[in-house]
Amino acid sequence: MPERRPEPSLAVSADRGYPTHTAVDPVFPAQTTGPLEPVFGGVATPAIWSRLGSSLALVLEELWAAAGPGDRLRPRQWVSLHLGRIAINAHGWEALRARLQGDMPDPALVEPGSLGALRWPRLLLRAISADRRRAIRTRLSRAERLADESLDGAFAGSLRDLEIAALARGPLDARVWMEVLIPWFARRLLSEDAEASRLRVEHAIAIERRYYTEFGRRLVSRGQLRDPAEVAYLTVDERLRAVHGEVHEPEASIPGSNKTWMELADRRAARISEFLSVELPHTFWGRPRVEPK
Numbered sequence: 032m033p034e035r036r037p038e039p040s041l042a043v044s045a046d047r048g049y050p051t052h053t054a055v056d057p058v059f060p061a062q063t064t065g066p067l068e069p070v071f072g073g074v075a076t077p078a079i080w081s082r083l084g085s086s087l088a089l090v091l092e093e094l095w096a097a098a099g100p101g102d103r104l105r106p107r108q109w110v111s112l113h114l115g116r117i118a119i120n121a122h123g124w125e126a127l128r129a130r131l132q133g134d135m136p137d138p139a140l141v142e143p144g145s146l147g148a149l150r151w152p153r154l155l156l157r158a159i160s161a162d163r164r165r166a167i168r169t170r171l172s173r174a175e176r177l178a179d180e181s182l183d184g185a186f187a188g189s190l191r192d193l194e195i196a197a198l199a200r201g202p203l204d205a206r207v208w209m210e211v212l213i214p215w216f217a218r219r220l221l222s223e224d225a226e227a228s229r230l231r232v233e234h235a236i237a238i239e240r241r242y243y244t245e246f247g248r249r250l251v252s253r254g255q256l257r258d259p260a261e262v263a264y265l266t267v268d269e270r271l272r273a274v275h276g277e278v279h280e281p282e283a284s285i286p287g288s289n290k291t292w293m294e295l296a297d298r299r300a301a302r303i304s305e306f307l308s309v310e311l312p313h314t315f316w317g318r319p320r321v322e323p324k
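If you count by our numbering, then the sequence shown holds residues 32 to 324, one letter each, in order.
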């Protein structure tokens with residue numbers, strides 16, 4: 032049998048769970064990693080990407096609705112993944128920032144006058160921004176309360192008594208993650224101190240890792256992984272499939288095969304290693320150009 036060659040990681044991969052590149056907004060193609068730093072500034076594992084990709088987009092949609100820049104400027108694709116780095120739509124972020132701060136947007140990202148900054152009197156623009164800020168602050172206060180309650184509940188108790196399916200699902204659903212992320216994004220858009228909000232996000236990530244590490248131990252005991260840390264290379268959907276004895280799709284014709292999850296972890300670990308060997312610009316249009324470190 033010929034030796035299997037490693038997948039060229041920096042090329043476009045057929046891995047649907049952890050793609051090399053995801054789609055970008057065709058009308059507003061600029062993307063940025065800046066607002067996600069430092070928490071999500073590096074390469075995100077499949078476990079983190081599968082958990083947070085949709086929640087990040089929902090948070091930005093909600094903030095957009097509260098800030099009210101209008102549907103004409105609203106991105107249809109808020110979040111993307113490129114070589115393991117999560118990025119958000121730079122046009123949308125700059126429009127949100129300018130609207131909430133009553134500021135002129137960066138003309139390279141937002142068309143001058145599109146937010147009313149040139150058509151409306153300056154005092155009116157500031158009054159609109161102040162009204163939007165009040166709405167955002169009310170929402171983030173509620174989010175902080177709900178997030179703290181949910182995180183306290185998820186952190187308490189022993190994981191050894193939990194069913195393996197509960198560990199696979201993880202402690203925090205999309206709704207809870209929205210409440211965790213809204214204050215962090217909102218305070219950064221308002222140029223307010225976001226340190227406490229950042230610590231809350233990091234605490235939520237630590238709770239997620241606590242759950243999926245215990246889940247990894249269970250998979251090791253079942254012979255599905257070699258090391259508990261390998262579970263970081265599986266998405267939430269794949270963890271649930273592993274619980275029910277399903278195998279990775281390329282080997283799905285082999286009943287009861289456990290080797291496929293190990294192989295998938297190996298392939299993704301190799302790809303992430305290559306992702307770490309290159310740097311991406313903080314802001315880019317379409318697919319980013321990569322530079323060797």
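Note that the Cβ used here is the ideal one computed from N, Cα and C, for glycine as well.
DSSP places residue 215 in the uninterrupted alpha helix (DSSP H) bounded by 205-220. By the neighbour-count definition (other C-beta atoms within 10 Å, threshold 16), residue 232 is a buried residue. The region 90-109 and the region 298-311 do not touch, with fewer than three beta-carbon pairs separated by less than 8 Å. Remark: C-beta atoms of residue 116 and residue 311 approach each other more closely than 7 Å.
In the three-state reduction of the DSSP assignment, residue 294 falls in the helix class, which pools H, G and I.
Burial state of residue 90 is buried, judged by a 10 Å Cβ sphere holding 16 or more other Cβ atoms. With respect to the 7 Å criterion, residue 69 and residue 119 are not classified as neighbours on the basis of their beta carbons. Per DSSP, residue 108 lies in no alpha helix (DSSP H) segment and is marked neither H nor E.
About 6 Å separates the beta carbons of residue 235 and residue 182, which is inside the 8 Å limit, making them a contact pair.
Fewer than three beta-carbon pairs drawn from the region 123-139 and the region 80-90 are found closer than 8 Å, and the two stretches are therefore not classed as touching. For residue 315, no alpha helix (DSSP H) encloses it; the enclosing beta strand (DSSP E) starts and ends at 314-316. Taking all protein chains shown into account, residue 98 has 16 or more neighbouring C-beta atoms within 10 Å of its C-beta and is therefore buried. Going by beta carbons, residue 140 and residue 61 fall inside the 7 Å limit. In the three-state scheme derived from DSSP, where H, G and I count as helix and E and B as strand, residue 234 is classed as helix. The beta carbon of residue 220 lies closer than 6 Å to those of 127, 128, 131 in the same chain, with the five residues before and after it left out. Residue pairing from DSSP places residue 119 in a beta bridge opposite 63, 110. For residue 84, the enclosing alpha helix (DSSP H) starts and ends at 77-98.
DSSP places residue 268 in the uninterrupted alpha helix (DSSP H) bounded by 267-274. DSSP, read as helix, strand or coil, puts residue 251 in helix.
At a Cβ-Cβ threshold of 7 Å, residue 63 and residue 314 count as neighbours. The region 76-83 makes contact with the region 258-265; the number of CB pairs closer than 8 Å reaches 3 or more.
The C-beta of residue 75 has 16 or more other C-beta atoms within 10 Å across all chains shown, which makes the residue buried. If you draw a straight line from the Cα of residue 167 to the Cα of residue 174, it comes to about 10 Å. For residue 198, the enclosing alpha helix (DSSP H) has its first and last residue at 195-200. Residue nearest to residue 253 within the set 274, 161, 261 is 274 (criterion: CA-CA distance).
For residue 208, the CB contacts under 6 Å within the same chain, skipping 5 residues up- and downstream, are 86 in chain order. Residue state for residue 309 is assigned as strand, using DSSP reduced to three classes. The alpha-carbon of residue 316 is positioned some 25 Å away from that of residue 222.
If you draw a 10 Å sphere on the C-beta of residue 239, you find 16 or more other C-beta atoms in it, and that means buried.
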